[in-house]
Amino acid sequence: MKLQWGWLSPSGHSRSTLTFLLAGVTTLAGCQPNLPETVRSGLVYCSEGSPESFNPQLVTSGTTIDAISQQLYDRLLDINPENGELIPSLAKSWQVSEDGKTYRFRLRSDVQFHQTEYFTPSRPLNAQDVLFTFNRIMQTGHPFHYQGGGNYPFFQSVAWASLVEKVVAESTDSVRFELSRPDSSFLSNLATDFAAILSAEYAEQLLAANTLSRMDSHPVGTGPFRFKEYQKDVLIRYYRHKNYWREPAKPDQLVIDIVPNNARRMAKLFTHECDVVAFPRVAELKLISQRPDVDVQESTSMNVGFWAFNTSKAPFDNAKVRRALAYAINREAILQAVYFGHATAANSVLPPTSWAYNPDLTVQQYDPAIAKALLQEAGYPNGFSMDIWAMPVQRLYNPNALKMAELMQADLAQIGVRASIVSYEWNSFRRKLSDNEHDSVLIGWSADNADPDNFFRPLLSCSAAQTGTNRANWCDENFDRLISQALLTADQKQRRSYYMAAQQYLAEQMPLLSIAHSQRFQAINSDIKGVQINPYGGIALAGAIKDIK
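Structure representation (structure tokens):
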């Protein structure tokens, strides 16, 4: 029966380690399992971790998004990487009502889903696929809603379920979204990697076979590559989607080699077992760039690394304590020792390149004397004990959280605060963090679109405190009111005034200390051209060309 989907770690490695690799010592490469041979036009991308899922709706991890989103899926809209403007994708056009509460999208008629060993589509993309995709997120009675745990962190952080009243298929190629209120970030959120369009027909097949969990482990999308295999913690292999509606992918196949150890990733790059390597350590960029067969790509990225205080615990529920901790940290020393000068100091969670950035913020500079005075006022003249959770993996916004934590530990000791450093294996780290066990955490955020709301609601709103992306567990009605008002108007000048005020309020309340906005780097074999590093969202590999002489 045809169904209608309208239901309401980085390991520490010394400079000498890489120097040996540059000299040709490549035995580390042999420690990883052998990959299948890729054809002449294939591509191998060395990633630092395994995906949490093959469904972008269920994740926020950049490692997962890089591995799956741009490779397997498309969205209704895309973002022009040159200027951040929204452009057509699966939706070829759209209209917005005068009251900002109704959005109509006209779909392309020539978009084919992947044909795989486990699914053969009988029709192109249509409105039912859009309904299935978003009703799964919104409706708790939907048969797929609780697959994967029923947690849709990005959409929950932007209050999607209360915003979207319903999604209606007006015709085979026309979809209408009806909102409960205006939201000027709505279109931008449809262009994020998390808003990938899934196949309703594939879902029908899985429902009939009672194998619903395969939706998220054996993916079917419309993107440039189709899924072939996944060997957990070893590799992912994709094949070119030959019926892709855009220009077909250049590589015949894409292998994602999962190599958590940074030195091993670099060894594989130097022996050409990997074509592209995620997140080369910034401490080693100068050495890496000395190799004539390796190119280091540097690009501007919308991101922020920060130190979040768990405001649901004492003494971090006290703004004076949070401000004292912020005054105690020498961020300039961190920029040099952790980012090696490849980042700018962050005065706000919002990067300076955003149109809503507040350049006139009252910024707290390094001042241990003020920090001690604030602790005295807050009732902690002798300091206190706390922990700093440090990610075990290297991320764009924080290339070495453990090193950063050590520097901060020393700074805090100068004001009588005794800090211990906590870290776990990455998946355990994320799970325990979601369980609210931390006092503070070094983590960060990379933009999914160009709208400033993407930095505020997912990181600091009350709704995000409930879903886990707000690592400060901070819920403040005054702040929520400011960012909510900014969404009710499409006038950029009015929106900017609200966001300017919100940033000043954050500087006063200090639920987190913004530390740095980092550049993004990729290490690529010099015979590879066409790798697209976007300032928003994940890496795109479909245009990569291997130019072997």
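If you count by the numbering used here, then the sequence shown holds residues 111 to 659, one letter each, in order.
Backbone N, C-alpha and C define an ideal beta-carbon position, used for all residues, glycine too.
The model shown is predicted, which means the values in this text are computed figures rather than measured ones.
For residue 342, the closest C-alpha among the options 429, 522, 163 and 256 is that of 163.
Ranked by Cα distance from residue 405, the options 382, 420, 427 and 418 are led by 382. Under DSSP, residue 193 takes part in no beta bridge, so it has no partner. When the beta-carbon positions are compared, residue 526 and residue 492 come within less than 7 Å of each other. Here residue 458 is not near residue 629, since their CB atoms are 7 Å or more apart. For residue 153, the uninterrupted beta strand (DSSP E) run begins and ends at 153-157, by DSSP. In the three-state reduction of the DSSP assignment, residue 516 falls in the helix class.
Between residue 233 and residue 175, the alpha-carbon positions lie close to 27 Å from each other.
Counting C-beta atoms within 10 angstroms of its own C-beta, residue 352 has fewer than 16 neighbours from the protein chains shown and is therefore classed as exposed.
Per DSSP, the beta bridge partners of residue 454 are 627. Boundaries of the beta strand (DSSP E) harbouring residue 553: 550-556, taken from the DSSP string.
The DSSP-derived three-state label of residue 208 is coil.
For residue 305, the number of other beta carbons within 10 angstroms of its own is at least 16, and it is reported as buried. Annotated three-state conformation of residue 413 is strand, per DSSP. Counting only runs of 4+ residues, the alpha helix (DSSP H) found wholly inside the segment 536-611 occupies 536-544, 563-570, 572-577 and 587-597, in chain order. In the displayed model, residue 378 falls within a helix according to three-state DSSP. Rounded to the nearest angstrom, the Cβ distance from residue 554 to residue 505 is 6 Å, consistent with a contact under 8 Å.
A residue is called buried once 16 or more other Cβ atoms fall within 10 Å of its Cβ, and residue 320, having fewer, is exposed. Residue environment for residue 475: exposed (fewer than 16 other C-beta atoms within 10 angstroms of its C-beta). DSSP, reduced to helix, strand and coil, places residue 270 within a helical segment of the structure shown. In the DSSP assignment, residue 532 is bridged to 499. Short of 6 Å from the beta carbon of residue 276, and not among the five residues preceding or following it, lie these beta carbons of its own chain, in chain order: 288.
The alpha carbon of residue 531 has as its nearest neighbour, out of 245, 513 and 546, the alpha carbon of 513.
Around the Cβ of residue 657, a 10 Å sphere holds fewer than 16 other Cβ atoms; the residue is exposed. In the structure shown, residue 405 falls within a strand segment according to DSSP collapsed to helix, strand and coil. Exclusion of the five residues before and after residue 170 leaves 263, 264 and 579 as the residues of its chain whose Cβ lies within less than 7 Å of its Cβ. Annotation: residue 179 to residue 401 spans about 31 Å, alpha carbon to alpha carbon.
Sorting 621, 600 and 588 by C-alpha distance to the C-alpha of residue 611 places 588 at the top. Within its own chain, the residues whose Cβ lies closer than 8 Å to the Cβ of residue 216, once the five positions on either side in sequence are excluded, are 201, 202, 203, 204, 283 and 284, listed in chain order. Residues 252, 254 and 255 of the same chain have their beta carbon placed closer than 7 Å to that of residue 246, with the five preceding and five following residues left out of the count. Counting along the chain, the unbroken alpha helix (DSSP H) around residue 310 starts and ends at 310-319. The residues 619, in chain order, have a CB closer than 7 Å to that of residue 586 in the same chain once the five nearest residues on each side in sequence are set aside.
For residue 349, the uninterrupted beta strand (DSSP E) run begins and ends at 345-350, by DSSP.
Assignment of residue 447 by DSSP, reduced to helix, strand and coil, places it in the helix class.
DSSP places residue 289 in the uninterrupted beta strand (DSSP E) bounded by 284-289. Its Cα nearest to that of residue 636, the residue 386 stands out among 166, 522, 386 and 485.
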